[in-house]
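The structure under discussion appears below in the form of structure tokens.
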Amino acid sequence: MARPVKLYNHSVAPNPRRVRIFAAEKGIELALEEINILAGESRTPEFLAKNSSGAVPVLELDDDGSYLSESVAICRYLEGLQPEPNLLGRDLSELALRLTFTRRARRLSVDASQQKDASSVASHYNRIDSRRLQ
Ligand SMILES: N[C@@H](CCC(=O)N[C@@H](CS)C(=O)NCC(=O)O)C(=O)O
3 MARPVKLYNH
13 SVAPNPRRVR
23 IFAAEKGIEL
33 ALEEINILAG
43 ESRTPEFLAK
53 NSSGAVPVLE
63 LDDDGSYLSE
73 SVAICRYLEG
83 LQPEPNLLGR
93 DLSELALRLT
103 FTRRARRLSV
113 DASQQKDASS
123 VASHYNRIDS
133 RRLQ
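For our numbering, add 2 to where a residue sits in the sequence shown, where the first one is 1.
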């Protein structure tokens, strides 16, 4: 399988951060190239040739110079490249559990971004969970 050469990155943006965290958990070192998305560097013809959606992250591979985009797809690729530690689930139950918590975390962040107190939202879900466990 082709190996990663470089991650086109933005140090603050959330989608590249997802890939950096995922790679770090797996112990995969990625060379980073910073793309200043605020200055439009992801919309240049040169960058659009790497990713026609004009966004980071983009992972460059060492095969024939191909590129992967979409943070979730890149994480899936890294999981296949290096299965341990298992982050995406070894079987259907683990996969479903992982998706459950990903969706829940997403809902928490949406609620928080709607000016609700994130900790009160978190304790709301904890209360629901502890009731389910009883
Ligand atoms: N669905 C894509 C979203 C990528 C995305 O929206 N990237 C943002 C940074 S978090 C970006 O590069 N924005 C620059 C632009 O759209 O010009 C993924 O998960 O990778």
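We treat Cβ as the ideally placed atom computed from N, Cα and C, and that holds for glycine.
task: Can you give me the start and stop residues for the alpha helix (DSSP H) that P16 sits inside?
output: 16-28
field: Three-state class that DSSP yields for L135 in the structure shown
entry: Bear in mind that a pLDDT of 49 at L135, under 50, signals an unreliable position, so the number given afterwards is only what the model happens to contain. L135 falls in the helix class under three-state DSSP.
message: Report the start-end ranges of each alpha helix (DSSP H) in the region 68-128 that is 4 residues or longer and not cut off at the edges.
response: 73-83, 94-115
- prompt: Count the other CB atoms within 10 Å of the CB of F103; is the residue buried (16 or more) or exposed (fewer)?
  reply: exposed
query: Span of the beta strand (DSSP E) holding L34?
result: 34-36
message: L34 and N11 - do their beta-carbons sit closer together than 8 Å?
response: yes
Alpha-carbon spacing of E48 relative to Q84, whole angstroms: 30 Å
Straight-line Cα distance separating A51 from R19: 22 Å
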